[in-house]
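Colleague:
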Amino acid sequence: MNYQEIPLYGLEVLKFPDGKTAEIEQASVYPTILGSCDLRVQSASSRVVVLSNVVDTDYRLDTPRVFVFTGSDPSLVMIFGGEVAYRLTSDGQLDDSIPTHRKYADVGLWTTEVVVRDRFSIIIYDTAVLVLDEALNVKWHNRKYLTDSFLQIDGNELHLVDHAVYGDRYVTFDLSTGKIVSAPPNWNPDAPRAPELQAVIDAWRPGEPLSKEAQALLQALVDADRTNTPYAQSPEVQSRFEALRKGWR
Numbered sequence: 000m001n002y003q004e005i006p007l008y009g010l011e012v013l014k015f016p017d018g019k020t021a022e023i024e025q026a027s028v029y030p031t032i033l034g035s036c037d038l039r040v041q042s043a044s045s046r047v048v049v050l051s052n053v054v055d056t057d058y059r060l061d062t063p064r065v066f067v068f069t070g071s072d073p074s075l076v077m078i079f080g081g082e083v084a085y086r087l088t089s090d091g092q093l094d095d096s097i098p099t100h101r102k103y104a105d106v107g108l109w110t111t112e113v114v115v116r117d118r119f120s121i122i123i124y125d126t127a128v129l130v131l132d133e134a135l136n137v138k139w140h141n142r143k144y145l146t147d148s149f150l151q152i153d154g155n156e157l158h159l160v161d162h163a164v165y166g167d168r169y170v171t172f173d174l175s176t177g178k179i180v181s182a183p184p185n186w187n188p189d190a191p192r193a194p195e196l197q198a199v200i201d202a203w204r205p206g207e208p209l210s211k212e213a214q215a216l217l218q219a220l221v222d223a224d225r226t227n228t229p230y231a232q233s234p235e236v237q238s239r240f241e242a243l244r245k246g247w248r
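To convert, note that position 218 of the sequence shown is 217 in numbering that gives the first Met the number 0; the numbers rise steadily by one, no gaps.
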């Protein structure tokens, strides 16, 4: 198993392990701050396919990018980057599409780290962990928090850590099954975001600092987390939340 990160400066060449190539470039529709979210692929046989919402357009990058994974089938790749990942053959046939947990609304918060170990390709990205087997099938795909980052692999366990201001928090997955081996109390990234936290995210603008009201609310959320106080029961959080909402009116 292997992978490559391909920056999309213009027309790029995608090489398949079977020796065939394809030309790839950002498509020209639905542009974001860094251009289209879609990828145009033209195979050596001149077949053209447009892969929607597959490009990583995080504004902090020098240029948009995609990650290309290869496995046991030399004619197959998996392309990852945006809201959807795709498996594609060297003849230009779309083999499968895989929804991710990414949203372009959160593009400024995206991160991607890849670890290849023996029979697995492990993609630790902003909101989830995606594990591929040798055939590029999804072994498991579990959510995590934005702040959970890769720590290490120990035997058959994947360890993540959140270096929170109130102390490190650790999460461990079984690498073969994706089952949670250990996690902090109330660790539940599948739960909807609290409206107070969503308000801070909604107030964020690419390339701009948070407003004073949003910064104050974020600090109140951190303080509440430190004392395990539910946001709805924190007078400071609710006061800052209301102040931010008034600023929107």
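No residue lacks a Cβ here, since even glycine has one placed at the ideal position from N, Cα and C.
I want to know whether the segment 189–196 touches the segment 149–168 - three or more CB-CB distances under 8 Å.
Modeller: The segment 189–196 vs the segment 149–168: no contact.
Colleague: Excluding five sequence neighbours on each side, which residues of the same chain lie with their C-beta closer than 7 Å to the C-beta of Arg248?
Modeller: Residue 248 sits at position 249 when you count from the first residue of the sequence shown. Because Arg248 sits at a pLDDT of 46, beneath the cut-off of 50, its placement in the model cannot be relied upon, and the following sentence gives the value as read from the coordinates. Here the set comprises nothing.
Colleague: What did DSSP end up calling Tyr144 once you bin it into helix, strand or coil?
Modeller: Counting from 1 along the sequence shown, the entry for residue 144 is found at position 145. Coil, per DSSP.
Colleague: Over what stretch of residues does the beta strand (DSSP E) that includes Arg86 continue unbroken?
Modeller: Locating residue 86 in the sequence shown gives position 87, counting from the first residue. Note, Arg86: beta strand (DSSP E), 83–88.
Colleague: I need the DSSP call for Pro194, collapsed to helix, strand or coil.
Modeller: Position 195 of the sequence shown, counted from the first residue, corresponds to residue 194. Reduced to three states, the DSSP call for Pro194 is helix.
Colleague: Among Ala223, Thr62, Leu196, Glu133, which has the Cα closest to the Cα of Tyr8?
Modeller: Position 9 of the sequence shown, counting from 1, holds the residue named residue 8. Answer by Cα proximity: Thr62.
Colleague: Can you check the segment 58–120 for any beta strand (DSSP E) of at least 3 residues that lies completely inside it and give the ranges in chain order?
Modeller: Runs found: 64–69, 75–79, 83–88, 93–98, 111–116.
Colleague: How should Tyr58 be labelled, buried or exposed, when 16 other C-beta atoms within 10 angstroms of its C-beta is the threshold for buried?
Modeller: Within the sequence shown, residue 58 is the residue found at index 59, counting from 1. So Tyr58 counts as exposed.
Colleague: Can you tell me whether Ile179 is buried or exposed? The criterion is at least 16 other CB atoms within 10 Å of its CB, across all chains shown.
Modeller: Counting from 1 along the sequence shown, the entry for residue 179 is found at position 180. That one is exposed.
Colleague: Quick check: Ile123 and Ser148, are their CB atoms within less than 9 Å of each other?
Modeller: Here residue 123 refers to the residue found at position 124 when the sequence shown is read from its first residue. Here residue 148 refers to the residue found at position 149 when the sequence shown is read from its first residue. A contact, by the Cβ cut-off of 9 Å.
Colleague: Does DSSP put Arg230 in a helix, in a strand, or in coil?
Modeller: The residue you call residue 230 lines up with position 231 of the sequence shown. Residue identity check: residue 230 is Tyr in the sequence provided, not Arg. It is helical.
Colleague: Run through DSSP, which three-state label would Arg168 get?
Modeller: Here residue 168 is taken as the residue at index 169 of the sequence shown, counted from 1. Three-state DSSP puts Arg168 in a strand.
Colleague: Does the segment 6–26 come close enough to the segment 41–51 that 3 or more CB-CB pairs lie under 8 Å?
Modeller: Yes, the segment 41–51 is in contact with the segment 6–26.
Colleague: Check for me: the alpha helix (DSSP H) holding Glu212 runs from which residue to which?
Modeller: As a working mapping, residue 212 is identified with position 213 in the sequence shown. Unbroken alpha helix (DSSP H) run through Glu212: 211–225.
Colleague: Where does the unbroken beta strand (DSSP E) through Asn1 begin, and where does it stop?
Modeller: Walking along the sequence shown from the start, residue 1 turns up at place 2. 1–6 is the extent of the beta strand (DSSP E) around Asn1.
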